[in-house]
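Engineer:
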Amino acid sequence: MKHDNNFNEESGSEDLVDEQAAAWLVRLRAENVGYEEKAAFARWLAHDPAHRQAYADMCMLWGDAALKQALSEAETKPSEISRLKKEARPEQRLLLAMAACLALAFVFRVELTVSLQADYATKVGEQKTVRLEDGSVVTLNTDSALAVTMQGGQRTIALLKGEAFFDVQPDARRPFVVHGDHSITRVLGTRFFVHERGHSDEIKVLSGRVEVTDGQRWRQSVVLRDGDAVSVGRDGHSATGRLDTKLTTSWLNGYLVFEDIALGDVIEQVQRYRNGVVIFKDNSLRQLKINGRINLRDPAHILETLEKSLSVRITHLSDWLVIIG
């Protein structure tokens, strides 16, 4: 991946690392931050001790009014960050750095657990198709991981993170079961999607029939058929809805297709396929409606494609920090 090469080239620049740390601090404080972004953040932290130090410094400085104003205006200057770091009180630096380290330890533990458990995984921007020993085919979307158990009468998949499409080989004697973070999906033979989104799991059936319940016990099961979709969270499952086949399956063909979708939702989807942080300078821009198709095989130019079709300004402050508005 080009992103890994960029890390090596950029790690010697203190100013750029500070920029990245500030961008991550802003993004991780947002309400809609997902697991995929947290995992990308963990990889950035693990790449270089300087990244961890820079992020701890940013956490320490977050309460500084000058820094907060600069971040809100998305115009933070590396020289200003350096000045604020030097002026911080030693006791403030120590306490907040300790708090930051505790938060980082949790992120590292989650990411390490996924890595150790996964049989198959994809990086950010990568997709992979796997044929299981029973003949079933699984396609992993960007930044996804799963563990497979095929023993005796069991066909069990644990979707550890991300999204996967399952084309299941029928076998009435061996039900195919997919465990998400919040859900369990049982099926004999069908084609369906499971997307683990952190706060909920989304299950969408392209064809066939599945039974879905919460991940704790079979108290609220629902049967999905061709074209049905449901979301499962801590409080159970949502009402059954209908999926848009073209939009749902587009990533399998290397594209994201949007029809009258809010720009904020488009960016949330796009961010699953690229590293870095996107910040809206004007939140009203999130409601702009978008129509079009984005090529996932060229993740470095995804935002350029959007910019050409929009009447808004997109500023690349660095490879990691992008401002819309």
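Under numbering that gives the first Met the number 0, the letters of the sequence shown match residues 0 to 324, in that order.
Positions of the beta carbon are idealized from the N, C-alpha and C atoms, including for glycine.
Keep in mind the model is a prediction, meaning the values are calculated, not measured.
Straight-line CA distance for residue 101 to residue 295?
Structural biologist: The predicted position of residue 101 is uncertain, since its pLDDT is 48 and thus under 50; a value taken from the coordinates is nonetheless stated next. Using only the alpha carbons, I get a separation of about 35 Å.
Engineer: Sorted by chain position, which residues of the same chain lie with C-beta nearer than 6 Å to residue 336's C-beta, five sequence neighbours on each side aside?
Structural biologist: Residue 336 falls outside the range modelled here, since the chain spans only 0 to 324, and no answer is possible.
Engineer: Three-state secondary structure (DSSP) at residue 309?
Structural biologist: coil
Engineer: Using the Cα positions of residue 232 and residue 267, report the straight-line distance between them to the nearest angstrom.
Structural biologist: 19 Å
Engineer: Run through the DSSP bridge pairs and tell me what residue 162 is partnered with.
Structural biologist: 194
Engineer: Exposed or buried, which one is residue 179 when buried takes at least 16 other CB atoms within 10 Å?
Structural biologist: Buried: at least 16 other Cβ atoms inside 10 Å.
Engineer: Rounding to the nearest angstrom, what Cα-Cα distance links residue 93 and residue 316 in this structure?
Structural biologist: Any reading at residue 93 must be qualified, since the residue scores a pLDDT of 48, below 50, and its modelled position is unreliable; no value is offered.
Engineer: Residue 264 bridges to which residues according to DSSP?
Structural biologist: According to DSSP, residue 264 shares a beta bridge with no other residue.
Engineer: So who's on the other strand from residue 278, going by DSSP bridges?
Structural biologist: 322
Engineer: Would you give the residue range spanned by the beta strand (DSSP E) that residue 212 belongs to?
Structural biologist: 209 to 213
Engineer: Of the choices 246, 38, 269 and 252, whose alpha-carbon is the least far from that of residue 326?
Structural biologist: Since the displayed the chain opens at 0 and closes at 324, residue 326 lies outside it and no answer follows.
Engineer: Return the chain-ordered list of same chain residues with a C-beta closer than 7 Å to the C-beta of residue 181, the five sequence neighbours on each side being excluded.
Structural biologist: 199, 200, 213, 214, 231, 232 and 233
Engineer: Count the other C-beta atoms from every protein chain shown that fall within 10 angstroms of the C-beta of residue 41, then say buried if there are 16 or more, exposed otherwise.
Structural biologist: Residue 41 is classed as buried because its beta carbon has at least 16 other beta carbons within 10 Å across all chains shown.
Engineer: Give the C-beta separation of residue 190 and residue 205 to the nearest angstrom, bearing in mind that I take them to be a contact with Cβ-Cβ under 8 Å.
Structural biologist: 4 Å
Engineer: Beta-carbon within less than 6 Å of residue 272's beta-carbon, same chain only, minus the 5 sequence neighbours each way: which residues are those?
Structural biologist: For residue 272, where only same-chain residues beyond five positions count, the Cβ hits under 6 Å are 124, 141, 295 and 298.
Engineer: Whole-angstrom Cβ separation of residue 293 and residue 254, contact assumed at under 8 Å?
Structural biologist: Sure, about 6 Å apart at Cβ, within 8 Å.
Engineer: Can you tell which of 252, 53 and 238 has the C-alpha that lies nearest to the C-alpha of residue 244?
Structural biologist: 252
Engineer: First and last residue of the alpha helix (DSSP H) that includes residue 148?
Structural biologist: Counting along the chain, residue 148 falls outside any alpha helix (DSSP H), though it belongs to the beta strand (DSSP E) covering 144 to 150.
Engineer: In chain order, what residues of the same chain lie with their CB nearer than 6 Å to the CB of residue 118, ignoring the 5 residues before and after it?
Structural biologist: 146 and 147
Engineer: Helix, strand or coil for residue 114? Go by DSSP, reduced to three states.
Structural biologist: Under the three-state reduction of DSSP, residue 114 is assigned to helix.
Engineer: Along the alpha helix (DSSP H) that carries residue 245, what are the first and last residues, could you check?
Structural biologist: Residue 245: member of the alpha helix (DSSP H) spanning 244 to 248, first to last residue.
Engineer: Among the candidates 126, 47, 194 and 53, whose CA atom is the shortest distance from the CA of residue 24?
Structural biologist: A check of alpha carbon separations from residue 24 across 126, 47, 194 and 53 identifies 53 as the nearest.
Engineer: Taking only the alpha-carbon atoms, compute the straight-line gap between residue 270 and residue 222 and give it to the nearest angstrom.
Structural biologist: 32 Å
Engineer: Can you tell me the Cα-Cα spacing of residue 164 and residue 220, whole angstroms?
Structural biologist: 21 Å
Engineer: Using the Cβ count rule (16 or more neighbours within 10 Å means buried), how would you classify residue 171?
Structural biologist: exposed
Engineer: Here's the rule I'm using: 16 or more other beta-carbon atoms within 10 Å means buried, otherwise exposed. How should residue 161 be labelled?
Structural biologist: buried
Engineer: For residue 115 versus residue 129, is the C-beta spacing smaller than 9 Å?
Structural biologist: no
Engineer: Do you know how far the Cα of residue 136 is from the Cα of residue 158?
Structural biologist: 14 Å
Engineer: Helix, strand or coil for residue 126, going by three-state DSSP, please let me know.
Structural biologist: In the structure shown, residue 126 falls within a coil segment according to DSSP collapsed to helix, strand and coil.
Engineer: So residue 208 packs on residue 224, CB below 8 Å; how close in whole Å?
Structural biologist: 5 Å
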